[in-house]
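Taking this note's numbering, the leading residue of the sequence shown gets 30, the next gets one more, and so forth.
Cβ atoms here follow ideal geometry from the backbone N, Cα and C, with glycine treated the same way.
Beneath this line is the structure, given in structure tokens, with notes to follow.
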Amino acid sequence: MTSWWELGENRGNIGSKLSYREITCPFCEESGNFKLAYHAEKKKPNDSKVLNFDTLECGNCKGYVMVLWSANTYAGRTGLYAYKVLPWPIKYNNYPSHWPEEIGRFWLQAKRNLKDENWDASALMARSSLQIALRDQQAKGQNLKQEIDDLSDKGILPPIMKEWSDNIRELGNESAHPKPGQPATDPKDAQDVVQFLDFLLEYLYTLPHNIKQYRNRNTNDR
Numbered sequence: 030m031t032s033w034w035e036l037g038e039n040r041g042n043i044g045s046k047l048s049y050r051e052i053t054c055p056f057c058e059e060s061g062n063f064k065l066a067y068h069a070e071k072k073k074p075n076d077s078k079v080l081n082f083d084t085l086e087c088g089n090c091k092g093y094v095m096v097l098w099s100a101n102t103y104a105g106r107t108g109l110y111a112y113k114v115l116p117w118p119i120k121y122n123n124y125p126s127h128w129p130e131e132i133g134r135f136w137l138q139a140k141r142n143l144k145d146e147n148w149d150a151s152a153l154m155a156r157s158s159l160q161i162a163l164r165d166q167q168a169k170g171q172n173l174k175q176e177i178d179d180l181s182d183k184g185i186l187p188p189i190m191k192e193w194s195d196n197i198r199e200l201g202n203e204s205a206h207p208k209p210g211q212p213a214t215d216p217k218d219a220q221d222v223v224q225f226l227d228f229l230l231e232y233l234y235t236l237p238h239n240i241k242q243y244r245n246r247n248t249n250d251r
């Protein structure tokens, strides 16, 4: 889609009106329980195309969502429309398909625990995902620190990525090796460690995957 005027023109949902059943509240996660609080329209100049701007109130928690939706101009009797919602529910159900399964599994748990404010568990799962990723890259060592140093010495981890990896290790160590009287993981630390993990997995897996796809595309075009 290169213009908002294309919303609902080529793909979308059957119908000519927005169905609340498909909308999920991002705050209480109840679906379909909304009433219209405000409606506005913008018409395309010299055309019958209309963009609809709806504010919906959740009947359960009284939260609000904003919905931009539009129906296909020439969809015939059944109709076709598409929509965009803000804010949307923050859910983590999948990881990128080019990641190894065990890495993605721990990453999902880190993200979900972060969302649920389980700070200790989130930091621990991030550390676990980091260690599996390093071992998948053939890291050698008796502990996580040695494995990070090994990949750094081999040139697989550049200095900035080594520093990020050490941050994940240090922040996750407290949850992995708890001591009596140890304070709870700081929420900001848990958020930082998961963000560092995102950067690392982007570097180790997503960037190489994208480069491979680019090269394959260029090869096929020749």
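Look at Met30 here: in three-state DSSP terms it is coil, with no helix or strand label. Of the candidates Tyr243, Trp98, Ala162, the residue whose Cα lies closest to the Cα of Leu47 is Trp98. Distance check between Glu58 and each of Asn39, Glu86, Ala205, Leu143 places Glu86 closest, using alpha-carbon atoms only. Here Leu153 really is in contact with Ala205; their C-beta atoms are around 6 Å apart, less than 8 Å. Counting only unbroken stretches of 3 or more residues, the beta strand (DSSP E) elements lying wholly within the region 39-80 are 63-72, in sequence order.
In the three-state DSSP reduction, Thr102 falls in the coil class, being neither helix nor strand.
With fewer than 16 neighbouring CB atoms inside 10 Å of its own CB, Ile189 falls in the exposed class. Inclusion of Val223 and Gly201 in the CB contact set at 8 Å is not warranted, their separation being larger than that value. Ile52 is positioned such that its CB atom lies no closer than 8 Å to that of Gly41.
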